[in-house]
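Single-structure report; data block below.
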Amino acid sequence: MTATADEDVGRRRAVRRSASARSLRPWTDIRFATLIAAVLASSVVALSVIHVATPSLERLNRERVDPCLDGITAAVAPLRLTFSDSVLVRGWLTNQCMEPFFHQQAKWVGLGLLAQLVLAGMLYALHPWWLGRRRRLTRLASAGNADVLAELDGLARQAGLPRPPLWLLAPYAGTHGGQAFGLPRRRRVCLDVGLLLRYDTDRAGFRAVIRHELGHLHNRDVDRTYLTIAIWWSFVASLVAPLIALSLNPDVLRRPQQWSWSGDPASSRELLHRLVALLFLTAVVYLARNAILRSRELHADVVAAGWESTDGALRRVVRSLPWPPQVSRFPVPRRWRGYGAHLGTHPDPRRRVAAMDDPDRLARTSGWELAGLGLVTALVLNNISLFVGNLMGRYLVIGLVLLALPAGALLVGALVSALRQVDAPHRGQGPSRRDAVLLPIAVAAGFATGGPLSLLAADTNLGGFAAGPVAFAVNTTLLVTGFLLISAWTRSVGRSLDESSTGGHRAVSARVVTATAVAVGAPMFALWYFYGYGTNLFMTFHGQGWPATGWAIEWYSTLADTIGGLYVYQPLLRTRQTPLASLGMVLLWAVPAVLLSRRHRDSRQSVCFRRAAAVGAIAGLVAVIAAIAIPYAAQAVLPTDVRRIPDEINDEVLLHFPFVHMGTYLAVAALLQAVAAAVVAAMATRLRPVLVPLTVTTTAVLSTAGLYVSWAVSSCINLVASSKTNSCRPMLFLPDEHVDVHLHFILVWGAAAAIPVALISAGIAALWRRLRPTPPTAPVTDRHHRRRLAAGVLGALGTLVIAAAAVAVPDNIDDWTPGAAPSVAVAPPDPGQPPSAPTIDPCLIGTWRETSHRTDTAIGFDPARFTSSGTIQTFTAEGVATLDTGTGVTETAIVGGHLVEVITTGSITARYHTDNGVIRYDDEKVARAGTVTIKVNGSVRGEDPLTADLSDERYACSGDTLRQINGEPSMSSQYAVELNRT
Amino acid sequence: MKARQSTDQHLVAEVAYAMLQRAAAVEPAQVMAERRVFDVLRAAYFADPHRALSGADGGGDQLKFGLPGVEELLTPVFLAASAEVVAYVVDRCSAASRRGVRRLLGLPMEPDGRPAEEPDAVADDPAVPQLTGEQWAQVRSIVAQALVRYAKMSPQRADLIAAAVVGDGITGVPPQ
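One line per chain: the protein sequences are B and H, in this order.
Under this note's numbering, think of the first position of the first sequence as 1461, with each following residue one higher.
Under this note's numbering, think of the first position of the second sequence as 23, with each following residue one higher.
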């Protein structure tokens, strides 16, 4: 090779290094920012916990919040609301009453975060002083070292630094390393004394180490590194200690003199959960920080290697580093250091050399890194959701979705980038199937793990198993599936594009593919987060007990119930109320179609698209036939009494016949979309994640037209018995102004049905092909006019759906905008009247037996009344209340024709006082462990340990009779208890 | 490991520097490099001898070059050995004064305390009290043991450097 060729290779290598380094920088910045956000979000929870324990909050509750809550019943009583409306109004009023609390909490958290950031800033500003003191650093004296300083300044100039750093010497460091640190405009590089020796014994090695440290300065690593460390230590110093103290004694701020240890197992579990969450956070922050630092080391190596001449000294010096390290910060046995070293601040020297040889490695993201990112993002999102949600008030729903949106964009973007990076060495082949499966599972598993281990979950169970382990498993499965679909789509599109694209086009296409994946995936992630938050909407399918006509016909009743359940199933309903599903569906096939249309001489792609659209069209035509058949079938099998529109449509008769008719057709259309998707997924061998959405969209558009056909036929054959006159006009066959709503309905239901079916179908087909391999098909040529026709049809299809989505936006905004606040308010407490002091009503003192305990609630949409008796309540003069269920108390109710029993065992004690006709409880503990068992028709459906949770309640005591009713008006259930003195 | 208060740090440094100079016979490159940092290492040693001998200074690993092993530094070891040698000479030879010790060990008498480059001329002076062969052997043993203990050297290599530092001609024992 000639000298010119050598220079050329060197230049190209430098360009590659520079490109890899540039691509790494934003990725590292994001990870640093996410790590800092995780610590700050944990601080929000910690500060909220501390705020709850402050004396000022106790005063605020006593003077403003509690009186307001007590006034809700009086404010709502005159309104004569239905049960469900009453729950809504009470909820709204409760939020109003809680506003002072939320505002004080926001102020407290804001000031706390500010203090924490100030402390972090101070720690960051002091880090040069601290390092100088800790390492006893001295300035590298010019006397006797003039030649060294000249050399060092020369290297700094070569690194492109505006000014050389301050050169320091670590006299106790016998090692031959260096360290970069310092504040902006006053950077420092410290030389180990062992390194200074190398100036004379190994000049090239000396320069290599210095260049590495200058690489850190060049890459601006110093501020990010030391700021992250400073924020972590400010969190530990300012919040962890108070949090642990409060965990051990919740009253430590209010009554510091009175130490009390709750022996309640629930409290112990809560404490343990909180400590585990803290430990977990510590481990995550430490490991994530080290992972980022490792990537910075690789980055500095690559940059430094680019400044070297051809001597390769940096590789030599790095290769000579002992591994596992001889020096360990922690007292770890030598034989274990190898394992721990991989999690430390520096990568394995072999990996460092490999990164210098192949800088593209730098930009590659491993599954572990993605899992870590998912986990840290979950910590951020979960820890701030409650706090932000409280502040959002009525805008909670939209607030949660918007909060989760950037997290979704981050995770989807990271996943797609990672998939593109692992593809880099094998252009045209795409990421391996293993990577395409493992990377999305890693990011989803990381996110799913972060929820239960967040500080918020430790305090409120939100983000964890609030809705039970089954709901958690369903949530996680859906998340994994979503990321797998994104991965499959990215891989499929990427492979097809890479087959024929050139460098520049490939880069543009990659960016477009990433943007599309984020545009589709991030909103879906945000919706998923909202659906799974708290009570978990995925698990709330109301598939029975709907008030409907035609209940005497069992199959019709079942059909109506299922249709009703599907119609109000929140994940489908809410998704339908956004343009995201329609737009997303179109983007998934339209973007690849446009990208591929310009690059491929091979017409296989366009043939695939045409076939997929044809299958969708066939399914759509079948839907139209079904649309005609359904009215005739209904007329044949259903009596006229069932096929009627009630005079008044209200809560009592939601599922009237036209509604069931429409729902049935929607379900048939969804099934046909699923069948079409299954056919395409089985037939196609490439671009399946692109072709299936195209098929579903095509079927959905034709099915929407079919809906109008079905209604018109119904009208023509006088299917619905109605007081209104039926007519048969051609105009009935044309779409009306609600066509966008119907299209979205059909698309959303169809997509929900098509995804699992297409996955199963693709799996079976792949297995079949593996067992009976077929030879690859030869490239085919497609006639130009057919390609143009196909492009025109697809363009029209996409435009139609996007236009429908655009038209629906105003309705979508209305759907997501909270309703007007009810015109009811709680009378403010009289400021002239001093708050009443806590007292104990002497009438209460004694032992009481419940003679009647009645709870009105709702299970799903079914009202339920539970009744029981026998619980013993004791109130002492010392302010201790006991609730004892003896060997067990059973509450029973008939719900939707089923016998539901709730059997409670164990006892609870609490401190209590009376306050203007209200018994207030605090410091509840489980005195005797017990369980709460739920039975339906005699079979056990669930069992949980008894928890110490008593709500304040209103009471009326007279002689030997006591009556208790709800004290918290916001509760979704109302109860009344009659007791006799024993 | 703290040098005894009674010993003169200046003298210990002087003796250590002389040792370092003489070690150039067997470790020329190392000694040449360590001359540059002798003053820094001397100050560090007297401030915290244990830390200076361990070679690790902590301070967090972030943005360091890596986790290299500790380099072999002769200066802190010679300083430790020097402290023991001076203590030995003071104890055994009743040469309590600094001047006496300098004479015994054959160091030049420079007004600024810095040893001369060629101290052998002073050693030949008949007026200076002499250590016996046995005592020189003990001094050499102290140096060798320090090299083995603190620098983790093999006994053979330590003996070779100790022989170079003390002079095997004086002890009459060739290095192993």
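Quick reminder that beta carbons are idealized off the backbone N, C-alpha and C, glycines included.
From a predicted model like this one, the values you see are computed outputs, not experimental measurements.
Check	Outcome
ALA35 of chain H versus LEU1507 of chain B: straight-line alpha-carbon distance, rounded	56 Å
Neighbour-count burial assignment, LYS86 of chain H, 16 or more Cβ in a 10 Å radius	buried
Classification of LEU1571 of chain B by the beta-carbon crowding that lies within 10 angstroms, buried from 16 upward	exposed
Complete alpha helix (DSSP H) runs within the stretch 2027-2058 of chain B (minimum length 4 residues, chain order)	2030-2036, 2040-2057
Proximal residues of chain B, C-beta to C-beta of MET175 of chain H below 7 Å	Those within 7 Å of MET175 of chain H in chain B number zero; the least Cβ separation is about 14 Å.
Close Cβ partners of VAL2161 of chain B (< 8 Å) along its chain, the five nearest in sequence each way excluded	GLY2080, LEU2203, LEU2257, LEU2260, VAL2261
Per-residue DSSP class, three states only, for PRO2405 of chain B	strand
Length of the line joining the Cα atoms of ARG2034 of chain B and PRO1527 of chain B	36 Å
Through-space distance from THR1661 of chain B to VAL1777 of chain B, alpha-carbon basis	13 Å
CB of ALA2251 of chain B within 8 Å of CB of VAL2201 of chain B, strictly	no
Close beta carbons around ALA1463 of chain B, own chain, < 6 Å, minus the five adjacent residues each side	Annotation note: pLDDT 43 at ALA1463 of chain B (below 50); position unreliable, coordinate value reported separately. Excluding sequence neighbours, ALA1463 of chain B sits near nothing in its chain.
Straight-line gap, LEU1938 of chain B to ARG2441 of chain B (C-alpha atoms, nearest Å)	54 Å
Same chain only: Cβ atoms within 8 Å of SER2187 of chain B, ignoring 5 sequence neighbours per side	SER2175
C-beta neighbour in chain H for PHE2069 of chain B, strict 8 Å	no
Of the listed residues B:VAL1669, B:GLY2123, B:ALA1585, nearest to GLY1772 of chain B (C-alpha basis)	B:VAL1669
Neighbourhood of ARG57 of chain H by C-beta distance below 6 Å, restricted to the same chain and skipping five residues each side	none
Nearest candidate by alpha-carbon position, reference PRO1631 of chain B, set H:ALA109, H:TYR172, H:LEU95	H:LEU95
Exposure label - HIS1436 of chain B; buried when at least 16 CB within 10 Å	Residue 1436 of chain B is absent from the model: chain B starts at 1461 and stops at 2442.
Straight-line Cα distance separating ASP2412 of chain B from ARG2423 of chain B	13 Å
Within-8 Å CB hit, THR1685 of chain B to chain H	yes
Reduced DSSP secondary structure (H/G/I, E/B, other) of LEU2115 of chain B	strand
Limits of the unbroken beta strand (DSSP E) element including ASP2101 of chain B	Unbroken run through ASP2101 of chain B: none, as it is neither H nor E.
Inter-stretch contact (C-beta, 8 Å, three-pair minimum) for the stretch 2162-2171 of chain B and the stretch 2126-2138 of chain B	yes
Contact set between GLN43 of chain H and chain B, taken where Cβ atoms lie within less than 7 Å	Those within 7 Å of GLN43 of chain H in chain B number zero; the least Cβ separation is about 16 Å.
ILE2023 of chain B in three-state terms, based on DSSP	helix
Coil, strand or helix - ALA138 of chain H by DSSP	Reliability of the predicted coordinates at ALA138 of chain H is poor, the pLDDT of 46 falling under 50, and the value obtained from them is presented with this limitation in mind. Looking at ALA138 of chain H - three-state DSSP - the assignment turns out to be coil, as it is neither helix nor strand.
Members of the stretch 1658-1671 of chain B near chain H, C-beta cut-off 7 Å	ASP1660, THR1661, VAL1669
Minimum Cβ-Cβ distance from GLN1639 of chain B to chain H less than 8 Å	yes
Exposed unless 16 or more other CB atoms sit within 10 angstroms - verdict on ALA180 of chain H	buried
Reduced DSSP category for TRP2308 of chain B - H, G, I as helix; E, B as strand; rest coil	strand
Chain-ordered chain B contacts of LEU63 of chain H [CB-CB under 7 Å]	PRO1631, VAL1653
C-beta contact flag for ASN1842 of chain B and GLY1942 of chain B at 8 Å	no
When B:ASP1817, B:VAL1978, B:ASP1958, B:PRO1702 are compared against PRO1866 of chain B, the one with the closest alpha-carbon	B:VAL1978
Residues that GLY189 of chain H contacts on chain B, provided the C-beta gap is smaller than 9 Å	By Cβ distance, chain B contributes nothing, its closest Cβ being about 26 Å from GLY189 of chain H, past 9 Å.
Cα-Cα separation, ALA1801 of chain B to PRO1785 of chain B	7 Å
CYS2188 of chain B (DSSP reduced to helix, strand or coil)	coil
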